[in-house]
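Using the working numbering, you'd call the opening residue of the sequence shown number 1064 and step up by one each time.
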Amino acid sequence: MAERRTRLVERMIVHGGLIEFSTLAAELVTPRTRYLVLDLDRTLHLGRNIGELLGWEIAALRAFGLEELARMEGARTTGRLLFDRSRLAGSMRYLWHGARTWTVPGLYYFFWGKLPARSDWLRAWTYRRFGAEPVRTVQRVPQDTLLALMEHFPEETLRTLVEAVWDRHEPDQVIRREDLDALRRVAPSLEVVITSASPRLVVEVARERLGADYAEGSEPGHINTGPEKIERLAQRFPLALAAGTETVGVTDTGYGEDHCWTEHLTRVADVNSDSPFPPFVSAGSPLQAIHSARLVTNAERRRRAAGTAPWTDTRRPSVIPPERRELDLSQLAAWLGRWGDELEALQSDPITNAWPIARLARDARRALERLALGEAPATSGGPGALGAAGSVAV
1064 MAERRTRLVE RMIVHGGLIE FSTLAAELVT PRTRYLVLDL DRTLHLGRNI GELLGWEIAA
1124 LRAFGLEELA RMEGARTTGR LLFDRSRLAG SMRYLWHGAR TWTVPGLYYF FWGKLPARSD
1184 WLRAWTYRRF GAEPVRTVQR VPQDTLLALM EHFPEETLRT LVEAVWDRHE PDQVIRREDL
1244 DALRRVAPSL EVVITSASPR LVVEVARERL GADYAEGSEP GHINTGPEKI ERLAQRFPLA
1304 LAAGTETVGV TDTGYGEDHC WTEHLTRVAD VNSDSPFPPF VSAGSPLQAI HSARLVTNAE
1364 RRRRAAGTAP WTDTRRPSVI PPERRELDLS QLAAWLGRWG DELEALQSDP ITNAWPIARL
1424 ARDARRALER LALGEAPATS GGPGALGAAG SVAV
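So this is what it looks like as structure tokens:
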């Protein structure tokens, strides 16, 4: 009998409610952990892509100038758009520059990236059009646009803009400098790497603000996304992926971008994610456990402490698992065994079957999310067990 190509992860932990990063890290990081790998966009902040926000901040720079932006900073709020009625001419220039720069790449990403995430028919079409990794291909358009735009401005000016964006979105931050300081007391040899598809300068500012050790970002001609993050990690730290080395990762893994981390790291966590890690890995993967968590933001923490109700962010999903749920290998096998058998068959031709594999992995994970919510279907064991549940967003 041929050896299996895939297996279930040994443990799956879905954390209930909103938790602190320190609570999650206590289960991810041990005294033996050597590397902590952090994604940036929508991982360090709830729902915020710092690189994307920089693109719009450059439009604001063109419209108002650096000195005027500095005077406006105290009154600005989070998010990408800026419209100041007392500065109407500048606001109109801002909208003009933003629209001229981002309309075409934005619409391209909307139709080939965001819409397919909500429609299986469109998503299947992206696999036919762009190949086995459509998200990476589609994301190149806005990424290349931003990198080309940055070449027109001095790095010192761009750094000032990135720092302003970072500080303005402090309310949305979920991982703080003190969190990493505490982890170093647990794991004295720990090195923290922030890796992102955002421009190198953006990642470098994040490294400085959090006190991380290393930063890996994108540069013209080289987008640091998906497998490239792992390749750069291995190049900089040859021992990071070696047998016996504890390397853990934390990411929102938006649109499945970082799902490949499960093939290389010891433990992973998806945080505030709308496309969490699936429970299947290759047979040779070193992965021991997958964690899923909703991390509390600075603003939510402050509202909770003040007794404000409701204190949760309005962007949160309406339903969140209320209690922690941990599944070991035997429980996962009992629930997902037949899913694994179908996946094994599809893996005989992973390129041709790229979309069926991605759909099966997604639906299996949705089944586990429903289980964590206490809404599991009456039957179990395979793709047919979901029935209509496969289309339920959690």
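In this text, a Cβ means the ideal position worked out from N, Cα and C, and glycines have one as well.
Proximity of residue i and residue j at Cβ, strictly below 8 Å
i	j	result
D1147	M1155	no
L1103	S1338	no
E1326	T1288	no
T1096	V1311	yes
A1081	E1309	Residue 1081 is actually Leu in this sequence, not Ala. Going by C-beta atoms, L1081 is not nearer than 8 Å to E1309.
G1284	F1343	no
Y1157	A1187	no
L1536	V1313	Summary: the structure shown does not reach residue 1536, with the chain confined to residues 1064 through 1457, and so no result is reported for it.
L1423	L1434	no
A1427	P1341	yes
L1212	E1120	no
D1235	L1109	yes
R1299	Y1277	yes
R1143	A1346	no
L1185	G1118	no
S1336	T1360	no
Residue i - containing alpha helix (DSSP H), residue span
i	result
D1391	Run containing D1391: none in the alpha helix (DSSP H); it sits in the beta strand (DSSP E), 1388-1391.
R1379	No alpha helix (DSSP H) holds R1379; DSSP gives it neither H nor E.
I1257	Per DSSP, I1257 belongs to no alpha helix (DSSP H); it is in the beta strand (DSSP E), 1254-1262.
R1191	1183-1193
Coil, strand or helix - residue i by DSSP
i	result
A1456	Because the pLDDT at A1456 is just 29, under 50, the model does not fix this residue reliably, and the point stays unresolved.
H1215	coil
G1142	coil
I1113	helix
Q1236	strand
G1312	strand
T1208	helix
V1167	helix
G1280	strand
D1333	strand
L1071	strand
H1108	strand
T1415	coil
T1371	coil
H1327	coil
Cα-Cα separation between residue i and residue j, rounded to whole angstroms
i	j	result
E1271	W1229	11 Å
S1281	L1071	33 Å
C1323	P1290	7 Å
S1355	W1374	21 Å
Q1202	G1194	14 Å
A1452	R1199	Caution is warranted here: a pLDDT of 33 is assigned to A1452, below 50, making its placement in the model unreliable, and no coordinate value can be reported.
T1371	P1419	45 Å
E1389	A1352	10 Å
R1181	F1173	11 Å
T1189	A1133	42 Å
L1273	A1065	47 Å
P1205	S1393	43 Å
D1391	I1238	28 Å
L1302	L1243	21 Å
L1114	W1398	Correcting the residue type first, residue 1114 is Gly in the shown sequence and not Leu. Distance between the alpha carbons of G1114 and W1398: 39 Å.
D1183	R1191	12 Å
R1125	T1377	32 Å
P1380	R1425	18 Å
E1073	L1350	8 Å
H1215	R1222	13 Å
T1220	P1262	14 Å
V1455	G1437	Confidence is the limiting factor: at V1455 the pLDDT is only 28, short of 50, which leaves the residue's position unreliable, though a coordinate-based value still follows. Roughly 14 Å separates the two Cα atoms.
W1175	G1169	10 Å
The beta strand (DSSP E) enclosing residue i, as first and last residue numbers
i	result
H1354	1352-1358
G1079	1074-1082
E1131	Premise fails: E1131 lies in the alpha helix (DSSP H), 1129-1135, not in any beta strand (DSSP E).
F1343	1343-1345
L1099	1096-1101
Any C-beta of chain B under 8 Å from that of residue i
i	result
G1153	Of the protein chains in this structure there is only one, and it is not chain B.
The region 1126-1140 / the region 1251-1265 touching (three or more Cβ pairs under 8 Å): Between the region 1126-1140 and the region 1251-1265, the count of C-beta pairs closer than 8 Å stays below three; the two stretches do not touch.
Do the region 1120-1133 and the region 1291-1303 meet, that is, are 3 or more Cβ pairs less than 8 Å apart? The region 1120-1133 vs the region 1291-1303: no contact.
Should the region 1376-1387 be called in touch with the region 1410-1428, which here means at least 3 C-beta pairs below 8 Å? Verdict: no, contact absent.
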